[in-house]
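Scroll down for the structure; my scribbles are underneath it.
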Amino acid sequence: MSQLPRFWNLGWSSFIDWWSSQSASEQDYVTTTGPSQPYGQQHLNEPLLDHREGQLFLTEAFKVILEEVLCKGTDVNEKVCEWREPEELATLLDLELREYGEQQYQLLQRVRDVAKYSVKTNHPRFFNQLFAGVDYHALTGRFLTEALNTSQYTYEVAPVFVLMEDEVLSKLRSLVGWAQGDGIFCPGGTMSNMYAMNLARYRAFPEVKLKGQWALPRLAVFTSQEGAVPFLVHATSGTTVQGAFDPLEPIADICDRQGLWMHVDAAWGGSVLFSKEHRHLMRGVERADSVTWNPHKMMLTGLQCSAILLKDTTDLLKRCHSADATYLFQQDKFYDMSLDTGDKSIQCGRKVDCLKLWLMWKAVGSQGLEERVDRAFAHTRYLVEKMMKREGFQLIGKPEFVNVCFWFIPPSLRGKENSPDYQDRLSKVAPVIKERMIKQGTMMVGYQPLGGRVNFFRMIVISPQLSYQDMTFFLDEIERLGNNL
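Under numbering that gives the first Met the number 0, the first residue of the sequence shown is numbered 0, with each subsequent residue one higher.
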């Protein structure tokens, strides 16, 4: 591995060519490994795991990851997915778990099969979810996180990451507009939003921690005329389907007058705060009490990376969630116990989610992250402009964010909007086009109904790998797959 720096600037293909020359052969595995022996045949005074064998396997497996996931998986000439029916896929993967282990070369084929038949979410033409693309610095952070395998609850077991998380959360809070505050990384946006609800309830009714929910009046997130007590207003910055942003200033005015906790779910839209041009979409966010932000979406950190950010400086997060477990949070430690953040969380073991974001941020800086946001908006504008010039594409509305929602009207339905079966027939268009693109592997894009609207496509434009050519391909492919419907 000492030769690696010579290839750093030559690209992945040169790197893989070099790595291949270092590879072990199948025969190496056959002669050095074998099926696992029963426990009774192991010598208890010898290690149960062979580190040399494990490291050799990891080296070979990583080569497969580079080739199948990071080279082929980001190549527009390769498929986004290799569709197989469930029964066929289960047979191909040979999923059965048996009594004894397999040879290492067989396991490497398992690795290759998993990579081959998984959806390539790093592919430039994967438009299906609110995440796409790959950042190699963040990916390095993810690899390192898994290798170190620690839990982020005390300074003694995760000293680097306790300090790192504090710095990253502080920087995110500053983008919101808070000089001070609190926060924690959570396993997803839903959990971050739940934290906000817990905190709002605890602030209003601290007795809930000892007496439980039954000791409280009937609570409501939205006020009603049925005598419920409002305790939280939940605003959204970047809705999942249409990418809409709630007007935060007037919502904050109401919360201030009524003394209500204001939470902003910016899991999807929070990254606009990096952009001087687009942060106006979240004007007033600094008046909120809490904000959810998922960097694993638009910021490309990789799943999972979600933070709950708080304006509070009274240690509310810890007071609400602490269990004071004496086996973790001893009161006579030799260092500053305020560094132990585990009691802020409702869980004990907590994955390190800050490293991938920190390493990526270090690599490209706030300026680089701003450029990614602005580029996504530019590609969205380009796509909408081209879409409006093509017959058969009907926008649901002008995009506020990078969600482009539209119907494709095939020639057989054009001009028949007043037909009694028009909506029913239109609702079937998106599912059929989606099936065709998946089975051919050309691209992936989502669809859904919403309210009174029948199925329409939701195109997400965020990958920094995208080009204008990809936008044109997308429109051409929708037409190709749907013109004969």
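Using N, Cα and C, we set each Cβ at its ideal position, and we do this for glycine too.
Taking the alpha-carbon positions, what's the residue i to residue j distance?
i, j, result
"Cys185", "Glu77", "35 Å"
"Thr312", "Thr90", "55 Å"
"Leu259", "Leu231", "6 Å"
"Met261", "Lys71", "45 Å"
"Asp67", "Val351", "Looking at the sequence itself, residue 67 is Glu, so the reference to Asp does not match. The alpha-carbon atoms of Glu67 and Val351 are separated by roughly 26 Å."
"Leu484", "Gln447", "18 Å"
"Leu138", "Leu171", "20 Å"
"Tyr467", "Gly176", "34 Å"
"Met281", "Pro85", "43 Å"
"Leu3", "Leu354", "Caution applies to Leu3, whose pLDDT of 41 falls short of 50 and renders its modelled position unreliable; the value that the coordinates give is listed next. About 23 Å."
"Gly391", "Val240", "21 Å"
"Tyr135", "Phe456", "30 Å"
"Leu96", "Ile64", "23 Å"
"Ala214", "Glu155", "38 Å"
"Ala265", "Asn121", "23 Å"
"Leu48", "Phe61", "20 Å"
"Val29", "Gly450", "With a pLDDT of 47 at Val29, under the threshold of 50, the modelled position of that residue is not reliable, and the figure given next carries that caveat. Looking at the two C-alpha atoms, the distance is approximately 59 Å."
"Glu276", "Gly396", "21 Å"
"Asn127", "His279", "27 Å"
"Lys332", "Asp165", "20 Å"
"Leu69", "Arg256", "52 Å"
"Glu416", "Asp423", "11 Å"
"Leu465", "Leu338", "41 Å"
"Met359", "Pro46", "37 Å"
"Val75", "Tyr421", "36 Å"
"Gln330", "Met196", "29 Å"
"Ala131", "Leu272", "19 Å"
"Ile345", "Val220", "21 Å"
"Val110", "Pro409", "41 Å"
"Met298", "Thr238", "17 Å"
"His50", "Thr300", "30 Å"
"Gly499", "Tyr326", "What the structure shows of the chain is the stretch from 0 to 484, and residue 499 is not part of that stretch, so it cannot be assessed."
"Pro229", "Glu248", "19 Å"
If distances are taken between C-alpha atoms only, which option among the options comes closest to residue i?
i, options, result
"Arg124", "Glu166, Val161, Ala146, Cys80", "Cys80"
"Phe473", "Ser173, Pro249, Val444", "Val444"
"Ala227", "His233, Pro216, Ala234, Gly237", "Pro216"
"Cys526", "Tyr152, Ala234, Leu272, Glu59", "As shown, the chain starts at 0 and ends at 484. That puts residue 526 outside it, with no answer to give."
"Thr340", "Asp323, Cys304, Phe333, Lys355", "Asp323"
"Ser321", "Gly396, Phe61, Leu302, Tyr152", "Tyr152"
"Arg380", "Trp360, Val403, Gly391, Leu358", "Val403"
"Pro246", "Val263, Gly132, Arg256, Lys397", "Val263"
"Val284", "Ser236, Asp49, Val240", "Ser236"
"Arg389", "Ala203, Asn482, His42, Val75", "Asn482"
"Lys296", "Ala114, Arg349, Val133, Leu92", "Val133"
"Leu425", "Ser150, Asn454, Glu399, Glu434", "Asn454"
"Val118", "Arg256, Gly451, Gln439, Leu480", "Gln439"
"Met336", "Lys317, Gln346, Asp423", "Lys317"
"Glu399", "Leu69, Ala377, Phe273, Gly301", "Ala377"
"Trp82", "Arg109, Ala114, Glu98", "Ala114"
"Lys361", "Thr73, Leu338, Met163", "Met163"
How about residue i and residue j: are their beta carbons less than 7 Å apart?
i, j, result
"Phe328", "Asp342", "yes"
"Phe405", "Leu412", "no"
"Gln103", "Phe56", "yes"
"Glu476", "Thr441", "yes"
"Val372", "Ser270", "yes"
"Gln303", "Gly414", "no"
"Cys319", "Leu147", "no"
"Arg349", "Ser150", "yes"
"Val401", "Ala429", "no"
"Arg435", "Leu480", "yes"
"Asp112", "Leu92", "yes"
Thinking residue i and residue j are a contact (beta carbons under 8 Å), I'd like their distance in whole angstroms, please.
i, j, result
"Trp267", "Leu168", "No, Trp267 and Leu168 are not in contact; Cβ-Cβ is about 19 Å, not under 8 Å."
"Leu382", "Met470", "5 Å"
"Glu52", "Leu107", "Rounded, the Cβ-Cβ distance is 13 Å, inconsistent with contact."
"Ala251", "Ala287", "7 Å"
"Ile437", "Phe407", "Incorrect: roughly 16 Å between the Cβ atoms, too far for contact."
"Arg200", "Leu218", "7 Å"
Worksheet item: Touching or not, the region 300-315 and the region 177-197, by the rule of three or more beta carbon pairs under 8 Å?
Response: Flag = yes, the region 300-315 and the region 177-197 touch.
Worksheet item: Are at least three pairs of beta-carbons, each pair with one atom in the region 368-376 and one in the region 206-215, less than 8 Å apart?
Response: Segments in contact, no.
Worksheet item: Any contact of the region 186-206 with the region 282-301, i.e. 3+ C-beta pairs under 8 Å?
Response: Counting Cβ pairs under 8 Å, three or more are found: they touch.
Item to complete: May I ask you to verify whether the region 135-149 touches the region 452-463, counting CB pairs closer than 8 Å and requiring at least 3?
Response: The region 135-149 makes no contact with the region 452-463: fewer than 3 CB pairs, one atom from each, lie closer than 8 Å.
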